[in-house]
Structures are given as structure tokens and as C-alpha cells.
Amino acid sequence: MDFNDTAEEAKFRKEASDWLSANAEKKEHSRDVYRPAEMTGEGGESSALQDAKDWMTKKYEAGWACLHWPKEYGGRDATAIERVIWAQEESKYKVPGGFHEIGQGMAGPTMMLYATEEQKKQYLPPMAKGQEIWCQLFSEPGAGSDLAGIKTKAELDGDTWTINGQKVWTSGAHYSDYAILVTRSDFNAPKHKGLTYFFLDMKSPGIEVRPIRQITGGANFNEVYFTDVKIPDSQRLGEVGDGWKVALTTLMNERLAVGDASGVDFQEIFELTKESDFNGENAISNGGVREKLADWYCEYAGLKYTKMRNISALSRGDTPGPDASITKIVSANKLQDIANFGMDLMDNASIIKSDDKDDIRALFQGSLLGAPLIRIAGGTDEILRNIIAEQVLGMPQDVRVDKTVPFNEIPSGSKN
Amino acid sequence: MNFEFSDDQLVMKEEVRKLFEKEDSVKRNRSILEGDENFDKDLWNKVVEMGLTAVTIPEEHGGIGLGFLELCVVAEEMGRAIAPIPYSSSVYLATTAIINSSNDDVKKEYLPKLAAGEMIGTFAHSEELGTPTSDNAKTIFQNGKLSGEKIAVPDGDIADLFVVSAKSGDKVGLFLVDADSKGVEVSKAECFDGSRSYANMSFKDVDAKIIEDSSSEAIDKLLNQAAVLFAFEQVGGAEASMNMAKEYAMGRYAFGRQIGSFQAIKHKLADMYISLTLARSNCYFGAWALGNDAPELPVAAATARVSATKAFYECSKENIQTHGGMGATWEFDCHLFYRRARLLSANIGGQSLWKDKLVSSIERSNLPQ
Numbered sequence: 001m002d003f004n005d006t007a008e009e010a011k012f013r014k015e016a017s018d019w020l021s022a023n024a025e026k027k028e029h030s031r032d033v034y035r036p037a038e039m040t041g042e043g044g045e046s047s048a049l050q051d052a053k054d055w056m057t058k059k060y061e062a063g064w065a066c067l068h069w070p071k072e073y074g075g076r077d078a079t080a081i082e083r084v085i086w087a088q089e090e091s092k093y094k095v096p097g098g099f100h101e102i103g104q105g106m107a108g109p110t111m112m113l114y115a116t117e118e119q120k121k122q123y124l125p126p127m128a129k130g131q132e133i134w135c136q137l138f139s140e141p142g143a144g145s146d147l148a149g150i151k152t153k154a155e156l157d158g159d160t161w162t163i164n165g166q167k168v169w170t171s172g173a174h175y176s177d178y179a180i181l182v183t184r185s186d187f188n189a190p191k192h193k194g195l196t197y198f199f200l201d202m203k204s205p206g207i208e209v210r211p212i213r214q215i216t217g218g219a220n221f222n223e224v225y226f227t228d229v230k231i232p233d234s235q236r237l238g239e240v241g242d243g244w245k246v247a248l249t250t251l252m253n254e255r256l257a258v259g260d261a262s263g264v265d266f267q268e269i270f271e272l273t274k275e276s277d278f279n280g281e282n283a284i285s286n287g288g289v290r291e292k293l294a295d296w297y298c299e300y301a302g303l304k305y306t307k308m309r310n311i312s313a314l315s316r317g318d319t320p321g322p323d324a325s326i327t328k329i330v331s332a333n334k335l336q337d338i339a340n341f342g343m344d345l346m347d348n349a350s351i352i353k354s355d356d357k358d359d360i361r362a363l364f365q366g367s368l369l370g371a372p373l374i375r376i377a378g379g380t381d382e383i384l385r386n387i388i389a390e391q392v393l394g395m396p397q398d399v400r401v402d403k404t405v406p407f408n409e410i411p412s413g414s415k416n
Numbered sequence: 001m002n003f004e005f006s007d008d009q010l011v012m013k014e015e016v017r018k019l020f021e022k023e024d025s026v027k028r029n030r031s032i033l034e035g036d037e038n039f040d041k042d043l044w045n046k047v048v049e050m051g052l053t054a055v056t057i058p059e060e061h062g063g064i065g066l067g068f069l070e071l072c073v074v075a076e077e078m079g080r081a082i083a084p085i086p087y088s089s090s091v092y093l094a095t096t097a098i099i100n101s102s103n104d105d106v107k108k109e110y111l112p113k114l115a116a117g118e119m120i121g122t123f124a125h126s127e128e129l130g131t132p133t134s135d136n137a138k139t140i141f142q143n144g145k146l147s148g149e150k151i152a153v154p155d156g157d158i159a160d161l162f163v164v165s166a167k168s169g170d171k172v173g174l175f176l177v178d179a180d181s182k183g184v185e186v187s188k189a190e191c192f193d194g195s196r197s198y199a200n201m202s203f204k205d206v207d208a209k210i211i212e213d214s215s216s217e218a219i220d221k222l223l224n225q226a227a228v229l230f231a232f233e234q235v236g237g238a239e240a241s242m243n244m245a246k247e248y249a250m251g252r253y254a255f256g257r258q259i260g261s262f263q264a265i266k267h268k269l270a271d272m273y274i275s276l277t278l279a280r281s282n283c284y285f286g287a288w289a290l291g292n293d294a295p296e297l298p299v300a301a302a303t304a305r306v307s308a309t310k311a312f313y314e315c316s317k318e319n320i321q322t323h324g325g326m327g328a329t330w331e332f333d334c335h336l337f338y339r340r341a342r343l344l345s346a347n348i349g350g351q352s353l354w355k356d357k358l359v360s361s362i363e364r365s366n367l368p369q
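As given, the protein sequences belong to chains A and B, one line each in that order. Those letters in the first sequence? Residues 1 to 416, by our numbering. Those letters in the second sequence? Residues 1 to 369, by our numbering.
Here is the structure:
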């Protein structure tokens, strides 16, 4: 048992680290992260977006983008462990990110399985290069956790599909160039049998993107409306009516892409309890506070070492356990509880809103408001528990009343 | 990175598991719980035959000379089997205390006997209600003689030798007492987990040998080492409890379907799995720190201990809940694990003590990055 790289891993790490140190600025401490020069736009992302595109292009040109993709599509043919090592090294630098995950992590792998060779050559290298951004048009007002309940309608006439309906919770739709889309092409077939999957240009006529203001005040998500949007049949991925199977490919990649919840963690609450006053002492002297710190440390460390066990499995060439679900449940709930408790320790001072990113209050306030979104996005706590029970422990699926009947006979959405 | 047990260690784990399965250790647990014997001598002899009492003892002292990582995999299987034998007292505690010692005479005299299972050892530490720490001992060692009282000594009525914590000058050290020495009085105590045996004892001017008397840190180190090993035992017990709950939920039908198809039960099982996975991963780091005698041991041991205690408690109580009324009967095995979970939560200091130790250790060390 050790934490050392193999000789090959060490060689790869050095190569990565050499390139990064020549091309990026190293963080001085863990909170010393990339910050955009200007914070305009409702999502606050405008200069961050261009910076992220440019950083991806720089990586692409040096062979460090989409490491796990085949070289012919702009990747590096790297192993899973090399991908982890790259991420570890890159995280030591102040570099922009957060815009390419849906394209490179979800749309790309789906295209690789289902697109034609010509399409792969046309769309994948620009996706790797990073100047083109993709979004995912899946969830609808009546279909979130129950994704197969979507109602956006696709009708075929000749070689062209016409799309009408509405999507929701689409991250980055307002700056995306392309999208992957699941529609219902047959309302008389059972729920999971009538879906068809496409990719499309977000500049197609008939698409309207409206931002959703979240509880954080930001607007990273959107509603996307379709009015007679035309898609050529050549942009269909998978067979007509086989869209659920294709969507599962995408979603499996989403589970891998979703990682730790970002925001306050053990370090922040530990520092805060050492600094804040509680009945004339530092809060950390209090027994109740110490019990909470111990619990959070155990979760923090447990996730860290679970990740290391997974990396070890990758290093041996094994498939890691499906523990990404655990990571999200535990880290999102920990984030929420730490944020809430931290603000409690600050007492009345926490009530005064702060937008200064260097102010610890802003960090805790932002985390408290962001946590509910993290507990829902990419699989709710409840859906993830089902996944653990069914896929890890092998327990039976719930009894379903919607699997064999025609879709148009199933009640759906909110009735209140 | 190779944060996993080696193939040899995993083979060893499998062998130990097979032994306990073949011997139906859970059934033996119940026999001890319901009978008059204080431990299962037949099972103990089989464990000795397999060499499990000699794992960490150096070859020069009659042992196998393996490391603590091997002992960790054995501990997990002990926990899964809820074995009714004095293994933890003799191996994790007494043997480790003597291996840690700088007194070669004590090593030469006792380690070969412990390795061969000719002697069973234990650690006599607690003195009153509350938490045993390195500095609250009232037992006194002076001029080669030891006097005082100890309570709730695990396997105290079984052991042939006691490692005893006692004050010597301004230090609290570790001393060794033969059970048959003049002035030793042992009284068996009824135990909450009747598959294990406990005793109270008093020492009046008893001959004692020095294991370590130059610093109080010897006790802290021993407790940290034992904490990792007990945490593996707890993880083994937690996993067994979770698997029992799962098997039952798959085979029990209500409202016309398997109860394991209800989300109320599935989410309970998912939470057990989460708690178990976090504990197991923390145990692995504990094993690494223990095996390497790393400066991280205090943090690693407390982290493993706290999360494994939590996992075994949660899994053993929710296993009963999943079984419904039958889970709370004497006849079903659920309570054997529930009792063992409680015993293991208290035996080297309770959850509040270890949480406090964990935060103190984090305060003393550099923050993890």
C-alpha cells in the first residue's frame, strides 16, 4: 500500500507539470483560483467564457485536450489514470474552466458511438479545440428525474424533422453553439420506446432561449423553446424510437463527470471555528462544535480516500466502483450543512450580505444558496440512492405503472 | 498510486473468511451468548493453528513476522464473523503493547507464548465511568510492585497476562502482570454482549514488569494502533449487517412485492452503503498509517475509529429495522451484531472521546490540503 506513481505515471506527471508550468500561473494556495477580468452578463461569465475557450485551444494545440479521446478526433489516447493525473496537476494552476464538460464529457462520447464517421470528423475536433460550446437539451417542465417522460415533439416529413416543445434547466444554452436533444417521436408507443435523439445547431431558426434566475441570483440555466425548429434526419443519433438507449449513454457519462460539490468544505469551517468568538472563547473549544468538525472531517477524508481507492483501481487497469454517486450525495449535503453552520457561528454578521469574493461571508452565503442546486443537478439525492441500491447492491426496481402502457395514457407533470 | 491491499493480503483475508464460514462463527457466537463458557476454545484453537495469533510477531520471537496490514485484513474478518474469542485483547492490545516495548526481556519471555497461543493476553485500562485516557490512571507502580483496581477488562477472566496502565512517578506507563501472581483478584462480570467476556480486577502489591514507563505516549500510541484494528473489525461487522438486511429485503414480500423494491428500504440500504464505504476508505488510510508507523497515525486512527463506529451502529440498527418485528427477536441473529457494535463502540473509548481526539489531532497537525 503506497501513494506513489508507477514509473510510467511519474513520467506522464512530469510531462504534464512541465507543460503547465510553462503555460499557466501556479496557485499560491487552494483558494487562489482563476478569476475573470470582467463580470458582465447575467451569468457573470462573459470574459470567463472566452478565457476558457482560449485555454482549451492552447491545450488542444499542445495535445492536452480531451485526453481520453482518440487522437484522430483531437484527443490523446490517454489512459484513465493519465486523465486523473492531468486533472490533479491542472488543479494546481489558476486556469479557467467549467464550459466544456457537457460537450467533451457527454455529447462527445455519445457522438463517438452514434454519429457517422464524417460527422465525427466534422464536429469532434472543434469540440476538443474548445471554441465551440455544446449544451444538453434533456429535462422538461414535466420530466426531470423521470427523464423518459419528455413531451417535446419530433415529426418527420421527408428527410426533415420538425421540433416543437420546451426544455428546461439547460446549462449554458445562451452561449452554446450546438446541442444534444431528446424528443418524443411517437406518443402512442410506451414511454421509453417513443424517443428519438438528435444533435443540432443552436442558431437554428425557431429556438428561443430564456434565462432562469436561480436562488443564487445568477442565471446559468435556461428555458429553451422550440417553434417549428427544423433538423435534418442526418443529425439523428441512433434509430428512430431508440433515443432512450442513446440518452443513457450520455447520462452514464454525466455521472462520471459530476464530482465534488464546490464551495465551503472542512478547511473553511475549521478555520472559521478557530477564528470566531463563542462565549468569549474560540468556537473550536466548544464540545458541540468539535463533534460537528469531527463528523465533517470523517466525510471529507472518507471521500478523499474513496477517490484514492478508485484511482488505484484505474492504475491497475480495473474499472473503479460506481462511487461517483456517493461523492455527490455526501459532498453536496456536507456543503449545505457546513455553510449553514458557518453562518450560524458568524451570528448576526452573517445576515449582512457580502459580494466580495475575498470575504469569508460571501463564500458561506454563496455555498448555502448554491447547495440546493447541487443536491438536484445531475441526479437528485433520491435518484442517486436508487442508483446505489439498484446498481451497486443489486436491489429490485420499484414497481412501475408507466412502462408498458402507451405514453399518451400516462399522467405526468404537476397537477396543482 | 496503490492504495489497496496486496494480492497476498487479500488471499489471506479470504482464507480467514473461509475458516469462519466453515466453523459457522455466528452460530458459535450465539452458543457462547446462551451458554456458560466464557469463550469458544475450539474456535480459538483453530485460529491459533492458522497462525493468526502470530501475524505481527517477529520471527525471532516465534512469530510469522508479517505487518499490521495483514492484521487489518484478519480484523475485518473477525468483525464479520463476530467471533466469540479473545483475539482483539490478546493480539491487537497485549501483543502490540509488548512489540512496541523497548524491554527485550519481556519480548523474549512473552511473545513466543502469545504467538503459539499458549498464553492469552489483555489490556487492563479503565478504572471508572467515563473515558480511559493516557493520564487518568489511579493504579500505581512503585519499586516493581503494582496496586490498584481496573474495571471492564476485556477477557480479564480468560487472560494469562495483563498489560496494565499505571502511574509511575509523574508518568503513566504500561506494565505487565502474570494473572496467577500473588495479589491479583479477578471477578467475572456479566457482559452486555454475552458472546464476549469481561472482568473487574484488583491488584495488591503485585509483581509487575516494565513494558514502558518513560513516557505517557506509549498508551496513546497503543490506543491509536488498536483503534485502526478495531475499526476494521467494525467495518466487517457493518458489512455483514448490511448484507443481512439486503438478503432479507430481497426475500420478504409485503403489499404483493419484495420489500426491497420500496424506496423507503432501498434508500436505507443506500445510506448503509455510503456510511460503510466512507468508513472503509478511512480504515484504508488508517492501515497505511499503522503499517508505516506514520506521523499521520493519530489523525488516521481517530478518523477510522469514528467513521467505523458510526457505520457499525447505523448498519446494525437499520438491519433490525429492515427485518421488522422478527429483527427484534432473540431467535434472529440481528441482535448479535447490534450487541457487538455497542461493545466495540465503547471498548477503547466512546465516540465522543474519539471525536474530540480527532479534532485535537487535526489541530496539532498541519491541515490537510
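Ideal placement from N, C-alpha and C gives every residue a C-beta, glycine not left out.
So what's B:P368 in DSSP terms, helix, strand or just coil? Unreliable positioning characterises B:P368 in this predicted model, as indicated by a pLDDT of 48, which lies under 50. A coordinate reading is not provided.
Is the CB of B:V74 under 7 Å away from at least one CB in chain A? no
My understanding is that B:M119 touches B:L161, with C-beta atoms under 8 Å, so please give their C-beta distance in whole angstroms. 6 Å
Here's the rule: buried if 16 or more other CB atoms are within 10 angstroms of the residue's CB, otherwise exposed. What is B:I274? buried
Short CB-CB distance (under 7 Å) between A:V398 and chain B: In the sequence on display, residue 398 of chain A carries Asp and not Val. Taking Cβ atoms only, chain B reaches closer than 7 Å to A:D398, which makes this a yes.
Enumerate in chain order the residues of its own chain whose CB-to-CB distance from A:R83 is below 7 Å, with the five nearest sequence positions on each side excluded. L67, H68
Please confirm if A:S47 has its CB atom under 7 Å from at least one CB of chain B. no
Determine the burial state of A:R375: buried for a count of at least 16 other Cβ atoms within 10 Å of its Cβ, exposed for fewer. buried
Does B:E4 have its Cβ less than 7 Å from a Cβ in chain A? yes
Three-way DSSP call (helix, strand, coil) for B:I158 in this model: coil
What residues of chain B sit near A:A371, judged by a beta carbon separation below 7 Å? In chain order: nothing, as chain B lies at least about 18 Å away.
With a threshold of 16 other CB atoms inside 10 Å of the CB of A:R236, please say whether the residue is buried or exposed. buried
Below 8 Å on C-beta distance, what does B:V359 contact in chain A? I284, R290, L293, A294, Y297
Output yes if chain B places a C-beta closer than 7 Å to the C-beta of A:Y305; else output no. yes
Straight-line gap, A:D402 to B:G260 (C-alpha atoms, nearest Å): 20 Å
Near-chain B residues of the segment 3 to 18 of chain A - C-beta to any C-beta below 9 Å: F3, N4, D5, T6, E9
Going along chain B, which residues have a C-beta under 9 Å from A:W386? It should be pointed out that residue 386 of chain A corresponds to Asn in this sequence rather than to Trp. Per Cβ cutoff of 9 Å: Q263, K266, H267, A270.
Going straight from the alpha carbon of B:Y198 to that of B:S187, what length do you get? 9 Å
According to DSSP, is B:W330 part of a helix, a strand, or is it coil? coil
Check this for me: beta carbons of B:R305 and B:W354, under 7 Å apart or not? yes
Between A:R309 and chain B, is the shortest Cβ-Cβ distance under 7 Å, so that the two count as touching? yes
For B:S415, which of A:S139, A:Y297, A:K230, A:A87 has the nearest alpha-carbon? Summary: the structure shown does not reach residue 415 of chain B, with chain B confined to residues 1 through 369, and so no result is reported for it.
Whole-angstrom C-beta distance between B:S126 and B:K150, which should lie under 8 Å: 6 Å
Using a Cβ-Cβ cut-off of 6 Å (strictly less than) and excluding sequence neighbours within five positions of B:D193, which residues of its own chain qualify? R339, R340, L343
Let me see if you follow: with CB-CB separation under 7 Å, is A:L393 close to chain B or not? yes
Do A:F198 and A:I231 have their C-beta atoms within less than 7 Å of each other? yes
So which residues on chain A does B:F337 lean against when the C-beta distance must stay under 9 Å? Those do not exist, as B:F337 stays about 18 Å from chain A at its closest Cβ, beyond 9 Å.
Ignoring anything shorter than 3 residues or poking outside the segment 131 to 213 of chain B, list the beta strand (DSSP E) runs there in chain order. 140 to 142, 145 to 154, 161 to 168, 171 to 178, 184 to 189, 198 to 207, 209 to 212
Could you give the residue range of the alpha helix (DSSP H) that holds A:I383? 381 to 387
If we cut at 7 Å on Cβ distances, does B:D160 have a partner in chain A? no
Taking A:R385 as the reference, give the member of A:P411, A:K328, A:G413 with the closest Cα. A:K328
Any heavy atom of the ligand FAD closer than 6 Å to the beta-carbon of A:H68? Ligands in the displayed structure: none, and consequently the ligand FAD is not present.
Go ahead and pull the three-state DSSP assignment for A:C66. coil
Would you say A:G263 reaches chain B, if we count a Cβ-Cβ gap shorter than 7 Å as a contact? no
By how many angstroms is the C-alpha of A:K121 removed from the C-alpha of A:A87? 26 Å
From what residue to what residue does the alpha helix (DSSP H) around B:F20 run? 7 to 22
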